[in-house]
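Trainee: Input: one structure, supplied below.
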Amino acid sequence: MKFDHFKADWHYPTNIKQGIGRILELPLLCKDLGMTKPLLITDPILAEFPMVSQVLTHCREHGIQCDIFSKIVGNPTEENILDGVIAFNKGNHDGVIALGGGSALDAAKSVALMVGQNLPLWDFVDEGDNWTRVNTSKMAPVIAIPTTSGTGSEVGRAAVITDVEAKIKRVIFHPKMLPHTVILDPELTLGLPAHLTAATGMDAFSHALEAYCAPSYHPMAQGIALEAIRLIKDNLLKATLDGKNLEARAHIMVASTMGATAFQRGLGAMHALAHSLGALYNSHHGLLNAILMPYVLKANRSEIEYKIRRLTRYIGLKDACFDSFLAWVINLRQKLNIPHALSDIDITAKDAILIGKMAFNDPCAAGNPIQFSEKQYTEIFIHALNGEI
Ligand SMILES: [Zn+2]
Numbered sequence: 002m003k004f005d006h007f008k009a010d011w012h013y014p015t016n017i018k019q020g021i022g023r024i025l026e027l028p029l030l031c032k033d034l035g036m037t038k039p040l041l042i043t044d045p046i047l048a049e050f051p052m053v054s055q056v057l058t059h060c061r062e063h064g065i066q067c068d069i070f071s072k073i074v075g076n077p078t079e080e081n082i083l084d085g086v087i088a089f090n091k092g093n094h095d096g097v098i099a100l101g102g103g104s105a106l107d108a109a110k111s112v113a114l115m116v117g118q119n120l121p122l123w124d125f126v127d128e129g130d131n132w133t134r135v136n137t138s139k140m141a142p143v144i145a146i147p148t149t150s151g152t153g154s155e156v157g158r159a160a161v162i163t164d165v166e167a168k169i170k171r172v173i174f175h176p177k178m179l180p181h182t183v184i185l186d187p188e189l190t191l192g193l194p195a196h197l198t199a200a201t202g203m204d205a206f207s208h209a210l211e212a213y214c215a216p217s218y219h220p221m222a223q224g225i226a227l228e229a230i231r232l233i234k235d236n237l238l239k240a241t242l243d244g245k246n247l248e249a250r251a252h253i254m255v256a257s258t259m260g261a262t263a264f265q266r267g268l269g270a271m272h273a274l275a276h277s278l279g280a281l282y283n284s285h286h287g288l289l290n291a292i293l294m295p296y297v298l299k300a301n302r303s304e305i306e307y308k309i310r311r312l313t314r315y316i317g318l319k320d321a322c323f324d325s326f327l328a329w330v331i332n333l334r335q336k337l338n339i340p341h342a343l344s345d346i347d348i349t350a351k352d353a354i355l356i357g358k359m360a361f362n363d364p365c366a367a368g369n370p371i372q373f374s375e376k377q378y379t380e381i382f383i384h385a386l387n388g389e390i
């Protein structure tokens with residue numbers, strides 16, 4: 002198949018419009034969903050990009066009275082969500098267009114959830130059967146349009162929101178938070194600088210890899226994870242070194258969506274630690290996962306060695322063994338200019354015990370192949386801090 006014809010409509014795990022220029026179909030997709038007055042939710046930096054005003058103008062020219070709400074910070078907070086709900090109600094909106102990176106998409110999905118609820122946001126934290134408290138009849142429909150390739154939030158049924166008071170990240174979950182329609186238009190990622198292409202791409206990689214290694218039974222998700230890792234292997238470096246390589250960008254975008262589709266299988270210790278460090282240091286989530294990856298792989302070695310061997314054969318590494326995979330990961334990180342140790346991004350040992358405790362209690366810890374203790378999480382963190390593999 003020639004790349005020019007590389008365009009597809011998929012209906013799994015939700016409706017996905019993939020291909021260059023598909024953003025132009027947005028007004029039609031709004032109409033299909035009965036949206037005539039959607040609220041486009043994004044972050045303030047992206048809001049300044051010509052791309053966003055072009056989308057708004059395009060919608061308005063086609064009879065969609067689209068307004069914009071752009072007060073979403075990186076690592077969004079409850080306050081952001083409540084402000085979004087106020088904007089949605091004030092403007093009498095009938096749907097949400099979620100546009101941006103993971104933070105914007107998570108925040109937009111949470112606004113779409115909260116416009117229909119009387120209970121506070123933290124009542125829907127992903128614990129037990131909290132999700133059954135949601136009044137689904139009043140949730141707003143969502144069209145999700147990622148502009149980075151990493152979080153895969155566009156196909157996620159959850160959102161990560163920071164609890165500023167408790168200084169932790171909480172996961173809000175409901176199956177209907179999965180956006181109704183997704184547009185995967187690689188042209189929207191052309192403006193992403195190399196360091197963010199690398200960090201977000203490594204986040205997608207960590208999703209697929211942790212999902213692949215998780216011990217639960219979900220062969221479909223496992224197959225998706227494998228192919229996502231192959232796409233990342235063949236394209237992440239290309240997309241990072243040459244940001245204009247649209248074909249590589251398209252593959253990484255799809256791999257990112259696949260990573261998040263696969264992690265219904267579970268995530269693991271990389272994310273348990275990255276969430277804890279992200280809450281304490283506000284560092285980039287993808288960058289944290291990228292740095293943590295080899296240390297967590299090493300700690301999990303006894304349980305994942307056979308799976309990694311199978312993976313190396315699929316992605317075509319010369320030596321089909323754990324050590325060659327680990328060496329390849331370290332080499333890729335280096336070529337992508339990802340720091341080797343957490344100390345390189347100004348993280349210190351002062352909260353080591355707390356980080357171990359937070360990672361142990363993070364919901365992602367449950368998906369790790371080995372159930373590490375608080376002490377073991379602290380040890381992995383110290384290794385990653387000092388760059389000792
Ligand atoms: Zn992640």
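Going by the numbering used here, the first residue of the sequence shown is number 2, and it counts up by one from there.
Ideal Cβ positions, reconstructed from N, Cα and C, are used throughout, including at glycine.
Because the structure is a prediction, the values reported are computed rather than measured.
1) Where does the unbroken beta strand (DSSP E) through residue 202 begin, and where does it stop?
2) Please state whether DSSP places residue 1 in a helix, a strand or coil.
3) CA-CA distance, residue 197 and residue 204?
4) Would you decide whether residue 64 is buried or exposed? Buried here means 16 or more other CB atoms lie within 10 Å of its CB.
5) Once you ignore the five residues that flank residue 183 on each side, which residues in its own chain have a CB closer than 8 Å to its CB?
6) Pick from 350, 129, 342, 262: whose alpha carbon is nearest that of residue 281?
7) Does at least one heavy atom of ligand 1 sit under 7 Å from the Cβ of residue 207?
8) If you measure from the CB of residue 201, is any heavy atom of ligand 1 nearer than 7 Å?
9) Look at residue 346 and residue 288 and say whether their C-beta atoms are less than 8 Å apart.
10) Report the residue from 211, 215, 256, 202 whose alpha carbon sits nearest the alpha carbon of residue 242.
11) Is residue 285 near ligand 1 - that is, is its Cβ less than 7 Å away from at least one heavy atom of it?
12) Return helix, strand or coil for residue 182, following the three-state DSSP convention.
13) DSSP three-state label for residue 174, please.
14) Any heavy atom of ligand 1 within a distance shorter than 7 Å of the CB on residue 204?
15) Just verifying my parser: in three-state terms, what is the DSSP assignment at residue 165?
16) Drop a sphere of 10 angstroms on the beta-carbon of residue 374, count the other beta-carbons inside from all chains shown, and report buried for 16 or more, exposed for fewer.
17) Among the candidates 9, 67, 46, 386, whose CA atom is the shortest distance from the CA of residue 27?
18) Under a three-way DSSP split, which group does residue 41 fall into?
19) Which residues bound the beta strand (DSSP E) around residue 100?
20) How is residue 126 classed by DSSP in three states: helix, strand or coil?
21) Are residue 53 and residue 47 closer than 8 Å when you measure CB to CB?
22) So the candidates are 89, 104, 313; which of them puts its Cα closest to the Cα of residue 39?
23) Hey, residue 194 and residue 247: beta-carbon distance below 8 Å or not?
Mentor: Judging by the given coordinates:
1) The residue given as residue 202 occupies position 201 in the sequence shown. Per DSSP, residue 202 belongs to no beta strand (DSSP E); it is in the alpha helix (DSSP H), 195 to 214.
2) This structure gives no information on residue 1, because the portion of the chain shown stretches from 2 to 390.
3) Position 196 of the sequence shown holds residue 197. Position 203 of the sequence shown holds residue 204. Computed Cα separation, rounded: 10 Å.
4) For the purposes of this step, residue 64 is taken as the residue at position 63 of the sequence shown. Per the 10 Å Cβ criterion, exposed.
5) The count along the sequence shown starts at 1 and reaches residue 183 at position 182. Cβ within range, chain order: 15, 16, 17, 18, 144, 145, 146, 147, 155, 156, 258.
6) In the sequence shown, counting from the first residue as 1, residue 281 sits at position 280. Out of 350, 129, 342, 262, 350 has the C-alpha closest to the C-alpha of residue 281.
7) Residue mapping note: residue 207 aligns to position 206 of the sequence shown, counting from 1. Yes - ligand 1 has a heavy atom lying nearer than 7 Å to the Cβ of residue 207.
8) Reading the sequence shown from its first residue, position 200 is the one you call residue 201. Relative to ligand 1, the beta carbon of residue 201 is positioned no closer than 7 Å to any heavy atom.
9) Here the question's residue 346 lines up with position 345 in the sequence shown. Here the question's residue 288 lines up with position 287 in the sequence shown. In contact: residue 346 and residue 288 (Cβ atoms closer than 8 Å).
10) Along the sequence shown, read from residue 1 onward, the residue named residue 242 stands at position 241. By alpha-carbon distance to residue 242, the top candidate from 211, 215, 256, 202 is 202.
11) For the purposes of this step, residue 285 is taken as residue 284 along the sequence shown, with counting starting at 1. For ligand 1, not one heavy atom lies less than 7 Å from the Cβ of residue 285.
12) Position 181 of the sequence shown, counting from 1, holds the residue named residue 182. Strand.
13) Against the sequence shown, residue 174 aligns to sequence position 173. The answer is strand: DSSP assigns residue 174 an E or B state.
14) Taking the first residue of the sequence shown as position 1, residue 204 is located at position 203. Residue 204: yes, Cβ under 7 Å from ligand 1.
15) Translated into positions along the sequence shown, residue 165 becomes position 164. Three-state result, residue 165: coil.
16) As a first step, residue 374 is located in the sequence shown; it is residue number 373 there, counting from the start. By the 10 Å Cβ count, residue 374 comes out exposed.
17) Locating residue 27 in the sequence shown gives position 26, counting from the first residue. Out of 9, 67, 46, 386, 67 has the C-alpha closest to the C-alpha of residue 27.
18) Against the sequence shown, residue 41 aligns to sequence position 40. Looking at residue 41 - three-state DSSP - the assignment turns out to be strand.
19) Locating residue 100 in the sequence shown gives position 99, where the first residue counts as 1. Note, residue 100: beta strand (DSSP E), 97 to 101.
20) By 1-based counting over the sequence shown, the position of residue 126 is 125. Note: residue 126 maps to strand in three-state DSSP.
21) Here residue 53 is taken as the residue at index 52 of the sequence shown, counted from 1. Here residue 47 is taken as the residue at index 46 of the sequence shown, counted from 1. A contact, by the Cβ cut-off of 8 Å.
22) Indexing the sequence shown from 1 puts residue 39 at position 38. Of the candidates 89, 104, 313, the one whose C-alpha sits nearest the C-alpha of residue 39 is 89.
23) If you number the sequence shown from 1, residue 194 lands on position 193. If you number the sequence shown from 1, residue 247 lands on position 246. No.
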